[in-house]
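Asks: If you scroll down you'll find the structure; I have some questions about it.
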Amino acid sequence: MTNLDVSNNPSLTDLRCVDNELTNLDISNNINLSILFVSNWTYLGTNNQLTNLDVSNNPLLTDLRCGGIQLENLDVSNNPLLTGLRVGNNALTSLDVSNNTNLMTLVCFINLITDLDVGNNPLLTDLRCGDNELTSLDVSNNPALKILDVSNWYYGIGGDNELFSLEISNNMLLETLGCANNQITGDLFEIVDLDSLSTLRIENNQFSGEIPETICDLNINFSDSLTFNISNNSFCPPYPSCVNDYAGEQDTTNCGQVSITDETFPLTYKLQNAYPNPFNPVTTLSYDLPEDALV
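Quick note: the sequence shown uses our numbering, first residue 3, plus one each step.
Written out as C-alpha cells, the structure reads:
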C-alpha cells in the first residue's frame, strides 16, 4: 500500500499500518488516536519511508511504534500520555521526552542521538538506546528500570555510543544490563548488588579489579554468552568458580601481586632485652642498626 487516507475517520483510536510503502501519513484529524504502529519489519520486503511523522494533534497517544521508517525528526511534546515509544533504527539526532512523564518503554537504538535526557521519566522500566552517539547517560531518576541497554553492535547504520561511566546505584530493580562495546571503567561491586539481574553483557569495555564471589548468587546462566559476557575487560584472577570458565579474554597487565622488590637485609644488628620484662603490660623493645632505617 502506497497511500492511506484516514482524514475522515475522527473516531479512529487504533491504527496499524506496518510494512507498507507509505511515504506520507496524515493523522491530524484523528485526535482520538491512542495506538499508532507504522514500523517496518524489514524481512517482509516492504518498507514505509516516512522521514517525517506529525503526531502533534494526537494528544491521546499511548503507544507509538515507528521503527525503521527513516525518520529524521520526531516531536512527541504534545503526547503526554505516551507509555510506549519505539523509534529504533531511524536517523534521529535528538529526542525530547521531557513531557512524556508516563513513559514506561523507550526503545531508540540505532539512531544518531547525541543527548538523551530521561530525568522526567520516573516510571521508565525499559530503556534501550544502543548504537547512538551518546557520551553520557544519567538514569539516577529512573528507579523502576528493569532493562537498560546502551550497547553498540556496529550494524553499519546508526552511531556508536562512547560511554566512559554508567552510574546505576539508583536502579536496583535491573534485570537486564547491557553496555557492551563502550569504554566504561570501574569494577563489578555495584553490579553484583543487583539481586534481580539475569542478563549481564559488558564485554569490550575497560572494567577492572576483582570479580566478587557474590556474583555467583545472581540468577544468571553464566554458560550462555547471550545472557552473560564479560570478555575483553581487565578483570584480575582468580575468578569465582561460577565464571571461571566463562570470563573470556582479559587484560591482566595491571594485576601484578604485591612483592618484595628489595631483599637486602642488615648483616649487623642488636636486639636489647625487653624492659622491664616481656610479661609486663607495657614493654619497651630496643634495637641497634648500623644505619638509620624505617623498621
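Glycine included, C-beta positions come from ideal geometry on N, C-alpha and C. What you are looking at is a predicted structure, and each value in this text was computed from that prediction instead of being measured.
For residue 25, which option in 34, 31, 51, 36 has the closest C-alpha, if you only look at C-alpha atoms?
Replies: If we check each option's Cα against that of residue 25, 51 comes out closest.
Asks: Using the rule of at least 16 other Cβ atoms within 10 Å of the residue's Cβ for burial, across every protein chain shown, is residue 15 buried or exposed?
Replies: Result: exposed.
Asks: I need the straight-line Cα distance from residue 112 to residue 131, nearest angstrom please.
Replies: Rounded to whole angstroms, residue 112 to residue 131 spans 7 Å at the Cα level.
Asks: When you compare the stretch 157-176 with the stretch 214-232, are there three or more beta-carbon pairs, one atom per stretch, that lie closer than 8 Å?
Replies: As far as the Cβ criterion goes, the stretch 157-176 does not touch the stretch 214-232, which means the pair count is below three.
Asks: By the 10 Å Cβ neighbour count, where 16 or more other Cβ atoms means buried, how is residue 260 classified, buried or exposed?
Replies: Reliability fails at residue 260, whose pLDDT of 43 lies under 50, so the model's placement of it is uncertain and no value is given.
Asks: Counting along the chain, where does the beta strand (DSSP E) carrying residue 128 start and finish?
Replies: Its beta strand (DSSP E) spans residues 128-130.
Asks: Judging by CA-CA distance, which residue of 107, 7, 76, 162 is the nearest neighbour of residue 54?
Replies: The shortest C-alpha separation from residue 54 is found at 76.
Asks: Among residues of its own chain, excluding the 5 on either side of residue 244, which ones have a beta-carbon nearer than 8 Å to its beta-carbon?
Replies: So the qualifying residues of the chain are 217, 218, 224.
Asks: How is residue 65 classed by DSSP in three states: helix, strand or coil?
Replies: Strand at residue 65.
Asks: Specify the secondary structure class of residue 246 as computed by DSSP and reduced to three states.
Replies: If DSSP states are grouped into helix, strand and coil, residue 246 belongs with the helices.
Asks: If the criterion is Cβ atoms closer than 7 Å, does the pair residue 22 and residue 58 meet it?
Replies: Taking 7 Å as the Cβ cut-off, residue 22 and residue 58 do not qualify as a contacting pair.
Asks: Determine the direct distance from the alpha carbon of residue 110 to that of residue 163, and round the result to whole angstroms.
Replies: C-alpha separation (whole angstroms): 13 Å.
Asks: Report buried or exposed for residue 2, applying the criterion of at least 16 other Cβ atoms within 10 angstroms of its Cβ.
Replies: No information on residue 2 is available, as it lies outside the stretch 3 to 297 that the chain covers here.
Asks: Answer with buried or exposed for residue 201, where buried requires no fewer than 16 other C-beta atoms within 10 angstroms of its C-beta.
Replies: So residue 201 ends up on the buried side.
Asks: Between the alpha carbons of residue 303 and residue 102, how many angstroms are there, rounded?
Replies: Outside the displayed span of the chain (3 to 297) sits residue 303, for which this structure offers no information.
Asks: Which residues in the same chain have their Cβ closer than 8 Å to the Cβ of residue 241, if we skip the five residues on either side of it in sequence?
Replies: The residues are 213, 249.
Asks: Once DSSP output is grouped into helix, strand and coil, what is the label at residue 85?
Replies: It is coil, neither helix nor strand.
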